[in-house]
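Have a look at the structure below, then the notes.
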Ligand code: NAP
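Numbering (the numbering used here), first residue to last: 108 to 629.
Below, the structure is given as C-alpha cells:
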C-alpha cells in the first residue's frame with residue numbers, strides 16, 4: 108500500500124518506490140510513503156487561496172463547530188486507529204489511548220473554545236491606552252488571523268495527537284493547514300485526515316497532507332505563513348536558518364527535545380504518599396510509548412539519603428513491566444518505532460554509562476514476549492544511577508528517546524534546582540512534595556527554565572493528569588533546548604496564527620471595532 112498525499116483538493120500518489128513503513132514488532136513492511144513529484148508550491152497556494160478564503164469567511168464559532176464535527180468523525184473509528192497505531196508505531200492499548208484519544212480529545216476541547224468565541228471574526232484586547240491629553244483619541248489592540256498557511260511538520264512518536272493538537276488551533280484561527288507527518292509513522296495521520304476529508308466536514312483547501320519527505324515544502328513558504336515544527340534539534344536548526352524564516356518573515360514555532368526532571372522533595376520519606384506517587388509516576392513515564400515522549404522523565408532527582416530506597420522501589424516496579432508484542436494482552440510496554448530509533452537508544456545508553464551505572468535493564472540480549480528480538484525494535488526499561496551528577500555532563504545533555512531514565516542524588520534544594528536547570532531548558536519538570544514552602548519555591552525556581560511544572564501531593568493524587576501528558580488547557584513548549592516554542596494553552600495557542608495590530612483612533616471608532624469581535628488578550 109502506498110499512502111496517497113492530499114494536496115490541491117486531490118488524492119495523489121507520490122512517484123517512485125517510496126519509503127517503507129514497518130511494523131516495529133516484526134520488521135515487516137506495512138506501507139510506503141512518497142511525496143516525489145508533488146507540486147508543493149501549488150499545494151501551499153491552494154491552501155492559502157482556497158482554504159484560507161473559506162475559513163476566514165467563517166466565524167470562530169462556526170470553525171469551532173467544524174472541529175467538533177471532525178472529532179465526531181474520528182471518534183467513530185477509534186478501533187481502526189488503535190490497530191494502525193499498534194501495527195506501525197508499536198503502541199500498546201494504553202499508548203494508543205494517549206495518542207489517538209488524546210488527539211480527538213484535544214480537537215474537541217479546541218472546538219469548544221471556538222464555540223465560546225461565538226460569532227466573532229477577530230479579537231480585540233479589552234484594555235485601551237490613552238495617547239495624550241485628549242481622551243477621545245486612544246489605542247486599542249486588535250488580533251486578526253495571519254493571511255497565509257500553517258505548515259505543520261511533526262515527529263514520529265505522536266502521529267495522531269501531533270496532527271490534531273496543531274491543526275485544531277490553526278483551523279480555529281482561520282488558517283489552512285498543510286501537515287507533514289514524520290514518514291516512519293505517517294499511516295495513522297494519513298488515515299485520520301482521509302476520514303475527515305471524506306466526511307466533508309472541512310471546506311476545500313482547509314487541510315492537506317504530504318506523506319514522505321518534506322522536499323521543497325519550506326522553500327515555498329512566504330511571509331504570512333507559519334511553520335510549527337516538532338522534532339530533533341538538528342532539523343530545528345535547519346529550519347531556524349532557512350532563508351524563508353530568516354529573510355521572509357515566515358513564523359516558526361519549535362518543539363524540540365528535552366531532558367525533563369522529576370524531583371522528590373526533601374520532606375519525603377520511604378513509603379510516604381509522595382514517595383509512592385513519585386515512584387509510580389516515573390515507572391509510568393518510562394514505559395508509556397516505550398519512553399518515546401518528548402515530555403518523558405529523563406532525570407530522577409532525589410534527596411541523597413533516599414537514593415537507595417528510591418532505586419530499590421523503582422527496580423521492583425520495573426521488574427513487573429512486560430516488554431513485547433502489544434498484540435499480546437500480558438504486554439505492558441511495546442517496542443521503539445524502528446531499528447534506527449533502537450540503535451540510537453543503545454548508543455545513548457552507552458554514552459550515559461560513561462557517567463552512570465545501569466541498575467535495571469540495559470541488556471541487549473533479552474526475550475521480548477511474543478516477538479523475535481532480532482526483527483523487533485525492543486529496548487527493555489533501563490534505569491541508570493549517577494552517583495556524582497554535579498560532575499556529570501552527559502547525564503544532563505543526552506536525551507535517550509526510549510524507556511530510559513537516570514537516577515541522581517541531590518544534597519540541597521539549591522542543588523536540585525541547579526541540576527534541573529542543567530537540562531538547558533526543558534518542557535516539563537515535576538515535584539513531589541508534601542511541604543508547601545518547598546512546593547512554592549520549586550515552582551518559582553523551576554519556572555524560568557521550564558514550560559510547565561507539575562506540583563504533586565497526596566491531596567491531588569487521584570486528579571493527577573500526569574507528568575508527561577500534555578493537557579490542551581496548559582501551554583506546551585519550553586525555553587532553550589526545548590525549542591523556545593509554545594503551543595496549546597487554551598486560547599493562548601491562537602497567538603501563533605494571529606497578528607496583533609495597534610489601532611490608534613477615536614474611542615467611537617475603537618468601540619465599533621468591537622462589534623464583531625471577541626474580547627481577548629492572547
Ligand atoms: P526529526 O528527524 O527532526 O523529524 C521530525 C520531522 O521533521 C519529520 O516529519 C521529518 O520528516 C521532518 N524533517 C526532517 N528534515 C527536515 C527538513 N530538512 N525540512 C523539513 N522537515 C524535515 O525528528 P525525529 O527524530 O523524528 O523526532 C524525535 C525528536 O523529536 C526527539 O528528540 C524528541 O524529543 C522530539 N520531540 C519533541 C516533541 C515536543 O513536543 N517538544 C514531541 C515529540 C518529539 P521525515 O520523517 O520525512 O524525515
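All C-beta atoms, glycine included, are put in the ideal place defined by N, C-alpha and C.
How long is the line joining the alpha carbons of residue i and residue j, rounded to whole angstroms?
i	j	result
residue 439	residue 253	44 Å
residue 456	residue 395	18 Å
residue 578	residue 509	22 Å
residue 276	residue 132	34 Å
residue 272	residue 240	46 Å
residue 604	residue 363	20 Å
residue 467	residue 530	23 Å
residue 627	residue 232	5 Å
residue 226	residue 203	36 Å
residue 486	residue 469	8 Å
residue 437	residue 544	43 Å
residue 201	residue 209	11 Å
residue 205	residue 178	15 Å
residue 471	residue 251	54 Å
residue 459	residue 498	13 Å
residue 446	residue 338	18 Å
residue 219	residue 349	36 Å
residue 621	residue 167	15 Å
residue 298	residue 355	34 Å
residue 134	residue 461	31 Å
residue 521	residue 562	17 Å
residue 263	residue 195	10 Å
Which whole-angstrom value is the C-beta distance of residue i and residue j, which I expect to be below 8 Å?
i	j	result
residue 334	residue 366	At roughly 25 Å, the Cβ-Cβ gap does not stay under 8 Å, so residue 334 and residue 366 are not in contact.
residue 155	residue 162	That belief does not hold up - the Cβ atoms of residue 155 and residue 162 are roughly 10 Å apart, past 8 Å.
residue 296	residue 266	4 Å
residue 211	residue 181	5 Å
residue 282	residue 256	7 Å
residue 463	residue 492	6 Å
residue 415	residue 542	In fact, because the Cβ distance is near 22 Å, the residues do not count as touching under 8 Å.
residue 312	residue 158	3 Å
residue 361	residue 345	Incorrect: roughly 11 Å between the Cβ atoms, too far for contact.
residue 121	residue 153	No, residue 121 and residue 153 are not in contact; Cβ-Cβ is about 17 Å, not under 8 Å.
residue 151	residue 285	6 Å
residue 422	residue 490	7 Å
Are residue i and residue j closer than 8 Å when you measure CB to CB?
i	j	result
residue 381	residue 608	no
residue 556	residue 533	yes
residue 588	residue 340	yes
residue 631	residue 287	There is no way to answer for residue 631, as the model of the chain reaches only from 108 to 629.
residue 417	residue 147	no
residue 290	residue 126	yes
residue 434	residue 477	yes
residue 527	residue 413	no
residue 197	residue 442	yes
residue 292	residue 444	yes
residue 246	residue 610	yes
residue 591	residue 581	no
residue 300	residue 173	no
residue 517	residue 377	no
residue 584	residue 594	yes
residue 193	residue 207	no
residue 625	residue 230	yes
Under 7 Å from any heavy atom of the ligand NAP, does the C-beta of residue i make it?
i	result
residue 590	yes
residue 264	yes
residue 401	yes
residue 304	no
residue 630	The shown model of the chain, from 108 to 629, leaves out residue 630, and the question about it has no answer.
residue 112	no
residue 345	yes
residue 507	no
residue 261	yes
residue 131	no
residue 290	yes
residue 465	no
residue 287	yes
residue 337	yes
residue 472	no
residue 364	yes
residue 342	yes
At least three beta-carbon pairs within less than 8 Å, the segment 315-330 to the segment 540-556: no
Three-pair Cβ contact test at 8 Å for the segment 566-581 versus the segment 397-411: yes
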